[in-house]
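Colleague: Quick note: the sequence shown uses my numbering, first residue 503, plus one each step.
The beta-carbon is built from N, C-alpha and C at its ideal position, and this holds for glycine as well.
Supplied in structure tokens, the structure appears directly below.
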Amino acid sequence: MAALFHPTPEQFQIENVLTALGNPTRLRAVRKLADGCEHACGTLMADVAKSTMTHHWRVLREAGLLRQDPSGRELMLTLRRTEIDARFPGLLDSVLRATEEQPATPA
503 MAALFHPTPE QFQIENVLTA LGNPTRLRAV RKLADGCEHA CGTLMADVAK STMTHHWRVL
563 REAGLLRQDP SGRELMLTLR RTEIDARFPG LLDSVLRATE EQPATPA
């Protein structure tokens, strides 16, 4: 497997991070990764087509939001929380807090 590009924190661009977080599927993936655990690419978003998630993983990785590291036959995902927080303090917390799922209110 070819080595995957992971930008350094100095290469993170706010436009790329916000674009990546602006997609509902990618935002949902980041919310799941925010648990701080490592997850397998193929199982984290099992309700979305693999080819679609391959694209979303690339966008998130190239924006600097996640790492994809090989582990046997799997690629493991981790949120680059520390690096994002150092480069853009408070951004990820604000986005995650603003997009928390709210309980449905009766009409």
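State the DSSP-derived secondary structure class of Leu579, mapped to helix, strand or coil.
Modeller: In the structure shown, Leu579 sits in a strand (DSSP, three-state: E or B).
Colleague: For Phe507, which residues of its own chain have a beta-carbon under 8 Å away from its beta-carbon, when the five flanking residues on both sides are left out?
Modeller: Excluding sequence neighbours, Phe507 sits near Arg563 and Glu564.
Colleague: Should Ala531 be labelled buried (16 or more other beta-carbon atoms within 10 Å of its own) or exposed?
Modeller: Answer is buried; the Cβ neighbour count reaches 16.
Colleague: Under 8 Å by Cβ, that's how I've got Glu517 and Thr580 pegged, so tell me the actual separation to the nearest angstrom.
Modeller: The pair is not a contact, with the Cβ atoms about 23 Å apart (cut-off 8 Å).
Colleague: Return the CA-CA distance between Ala522 and Leu529, expressed in angstroms with no decimal places.
Modeller: Going by the C-alpha atoms only, they are around 8 Å apart.
Colleague: Contact defined as beta carbons within less than 8 Å: I believe Leu567 pairs with Val519. What is the distance between those atoms, to the nearest angstrom?
Modeller: The pair is a contact, with the Cβ atoms about 6 Å apart (cut-off 8 Å).
Colleague: Under a three-way DSSP split, which group does Ala565 fall into?
Modeller: DSSP places Ala565 in helix when its eight states are reduced to three.
Colleague: Evaluate Arg582 with the Cβ neighbour count: other Cβ atoms within 10 Å of its Cβ, from every protein chain shown; 16 or more gives buried, anything less gives exposed.
Modeller: Buried is the call here.
Colleague: Compute the Euclidean distance between the alpha carbons of Ile586 and Pro511, then round it to the nearest angstrom.
Modeller: About 7 Å.
Colleague: Starting from Ala522, trace the alpha helix (DSSP H) both ways and give me its first and last residue.
Modeller: Where Ala522 is concerned, the enclosing alpha helix (DSSP H) stretches over Ile516 to Leu523.
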